[in-house]
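Peer 1: Below is the structure I would like to discuss, written out as structure tokens.
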Amino acid sequence: MSMTQTSYSDTELLALEERQLYQFLRDVRPVGEEKSELYAEPTYFHLSYQAMIFCLPEMVREVRGRMTEQELGERTRRVLGRATGLHVSGTPFVAAWAREMWLSLQGGADPTSSTIARVADATVADRDVAEVLRFAYDWGCAYRQDGWAYPSETSGLGGDYRILDEAEAVAIADDAEPVDGDGARDVLALYAALRALSFLMEAETRDALMMHGPYPLAGDRSLVFLECNDLRWSLFPDFPIPGQRWELPDPQFPHPNLSLALVIEGVSFEADRMGTLYASEWAPEKLVAASLLTRGKDEWSDGDLRTIPVADARELTAALDRIQEHMFLQAATWDVRQRVAAAHFQKGLFMLRVLSGAGVERETLDRHFARYEELTAPIWDEWFDHALELGDQLPFYQRLGAFVGGATPTLFTPYR
28 MSMTQTSYSD
38 TELLALEERQ
48 LYQFLRDVRP
58 VGEEKSELYA
68 EPTYFHLSYQ
78 AMIFCLPEMV
88 REVRGRMTEQ
98 ELGERTRRVL
108 GRATGLHVSG
118 TPFVAAWARE
128 MWLSLQGGAD
138 PTSSTIARVA
148 DATVADRDVA
158 EVLRFAYDWG
168 CAYRQDGWAY
178 PSETSGLGGD
188 YRILDEAEAV
198 AIADDAEPVD
208 GDGARDVLAL
218 YAALRALSFL
228 MEAETRDALM
238 MHGPYPLAGD
248 RSLVFLECND
258 LRWSLFPDFP
268 IPGQRWELPD
278 PQFPHPNLSL
288 ALVIEGVSFE
298 ADRMGTLYAS
308 EWAPEKLVAA
318 SLLTRGKDEW
328 SDGDLRTIPV
338 ADARELTAAL
348 DRIQEHMFLQ
358 AATWDVRQRV
368 AAAHFQKGLF
378 MLRVLSGAGV
388 ERETLDRHFA
398 RYEELTAPIW
408 DEWFDHALEL
418 GDQLPFYQRL
428 GAFVGGATPT
438 LFTPYR
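Quick note: the sequence shown, position 121, residue 148 per the numbering used here, numbers continuous.
In structure tokens, the structure reads:
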């Protein structure tokens, strides 16, 4: 579907996000679909979003001080971008959810004020949330190739999530190495190991994963990408987890990030708003060629795209499996408060990845993360035990379930 960017008022953008959220949860991932015995969901989401809503407007101002949303879209529209479709779509997702979370905790909107929440020296108001949604929408329209911020206007799934120019996609496909049956299985084992490790390290979300495509090729072939833009986690040992610290693997994974470019034959795809592709009739024999790609020296650095031999796939899979065991056994021994803390501070990297995608230097990234830590303390003092006790019985999640189930027609409170 070819769409063009539409101009929306603040109220219309909030309504658009509500419609897209409903379609996503209805068609793709039902409420409660992702439950974790390791990371207490939705408790940590709630706590993280409560802090993130103060940081997102600061993130937007930092980016806008350097470039326009159009320029950010052009900068991030590439293989192994440090900010991805997950962040494009996750930004309004978090902002709108967090606004409603704060309102629900405070018994609803104050008709005399547009202030949503106040923590220490920080406040967030409706106008801040509206600007975050506008930033994300304009960035998304510049990031995607069809001038629209979502894969579909009417469904949670669309036909594609394309960010590359056709010529660039074809050039990558032309350079892909043909694979036989054993080679295809090795590449797909790497695919599975990469996804599993990132899912663990991102507290069972998709914060470092991105899929894009399908890019049509000759005949019945297409090119799709699975990418992980963080396999080093350099900030993790500094997370202030009560009584614990992450210990990174030694040796580390040999590459800071990894993209699997897959040439697939006879498979159709759909895409969701977060940059995940869903394949039909998938089987190893459908994979006919592949490239392994990486760039930079760590998760915050830029660099030229480099090719890794496909013959390395089996060795890379073994390394990912070893690292996953090492990292999982740490988190599995922690108590629930420590695991919530680990997940909470991982979630704070969301803003840093957007800023890094805009070329922000490491010193400034550290300052923004320190701000997230600073805001966390008073939020936890007041709300941690409450959120841990109620879990999915928190008022926001009760309302969200009613909204998706059709018991209430709206989720988001109108701006004041």
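Cβ atoms here follow ideal geometry from the backbone N, Cα and C, with glycine treated the same way.
Quick one: residues in its chain with C-beta nearer than 7 Å to the C-beta of alanine 203, no 5 flanking neighbours on either side, listed in chain order?
Peer 2: Excluding sequence neighbours, alanine 203 sits near Ala288, Val290, Ala316, Ala317 and Ser318.
Peer 1: I need the DSSP call for alanine 149, collapsed to helix, strand or coil.
Peer 2: Note: alanine 149 maps to strand in three-state DSSP.
Peer 1: Using the C-alpha atoms, what's the distance from arginine 189 back to tryptophan 175?
Peer 2: About 11 Å.
Peer 1: Can you tell me whether glutamine 77 is buried or exposed? The criterion is at least 16 other CB atoms within 10 Å of its CB, across all chains shown.
Peer 2: Buried, by the Cβ-count rule.
Peer 1: In the DSSP assignment, find the alpha helix (DSSP H) that holds isoleucine 268 and state where it starts and stops.
Peer 2: Counting along the chain, isoleucine 268 falls outside any alpha helix (DSSP H), and DSSP gives it neither H nor E.
Peer 1: Which two residues bound the contiguous alpha helix (DSSP H) that contains methionine 354?
Peer 2: Element bounds for methionine 354: 340-359.
Peer 1: Determine the contact status of threonine 444 and methionine 238, defining contact as a CB-CB distance below 8 Å.
Peer 2: Nothing about residue 444 can be read from this structure; the chain reaches only from 28 to 443.
Peer 1: Rounded to the nearest angstrom, what separates tyrosine 71 and glutamine 420 at their Cα positions?
Peer 2: Approximately 13 Å between the Cα atoms of the pair.
Peer 1: So what does DSSP say about methionine 237, is it helix, strand or coil?
Peer 2: If DSSP states are grouped into helix, strand and coil, methionine 237 belongs with the strands.
Peer 1: Kindly identify the DSSP beta-bridge partner or partners of cysteine 255.
Peer 2: Paired residues: Leu236 and Leu285.
Peer 1: Going by DSSP in three states, phenylalanine 280 sits in which element: helix, strand or coil?
Peer 2: The answer is coil: DSSP assigns phenylalanine 280 none of H, G, I, E or B.
Peer 1: What is the DSSP secondary structure of glycine 208, counted as helix, strand or coil?
Peer 2: It is helical.
Peer 1: Assign threonine 38 to one of three DSSP states: helix, strand, or coil.
Peer 2: It is helical.
Peer 1: How close, in whole Å, do the beta carbons of valine 106 and leucine 320 come, if the pair is a contact with beta carbons under 8 Å?
Peer 2: That pair is a contact at about 6 Å.
Peer 1: Keeping to the same chain, check which residues put their C-beta closer than 8 Å to that of glutamate 400; ignore five residues upstream and five downstream.
Peer 2: Counting only Cβ-Cβ distances below 8 Å, and skipping sequence neighbours, we find Pro267, Phe372 and Gly375.
Peer 1: Output the distance between the C-alpha atoms of valine 159 and valine 90, rounded to the nearest integer angstrom.
Peer 2: In a straight line, the C-alpha of valine 159 is about 11 Å away from that of valine 90.
Peer 1: Hey, isoleucine 80 and leucine 224: beta-carbon distance below 8 Å or not?
Peer 2: Not closer than 8 Å, so no.
Peer 1: Assuming contact is defined by CB atoms lying nearer than 8 Å, are lysine 313 and valine 337 in contact in what I supplied?
Peer 2: Against a cut-off of 8 Å, the Cβ pair of valine 337 and lysine 313 comes out as no contact.
Peer 1: Closest by CA to leucine 275, which one among Leu217, Asn256, Phe355 and Asn284?
Peer 2: When each option's Cα is compared against that of leucine 275, the closest is Phe355.
Peer 1: Under a Cβ-count criterion, where at least 16 other Cβ atoms within 10 Å of its own Cβ denotes burial, should alanine 136 be classed as buried or exposed?
Peer 2: Buried: at least 16 other Cβ atoms inside 10 Å.
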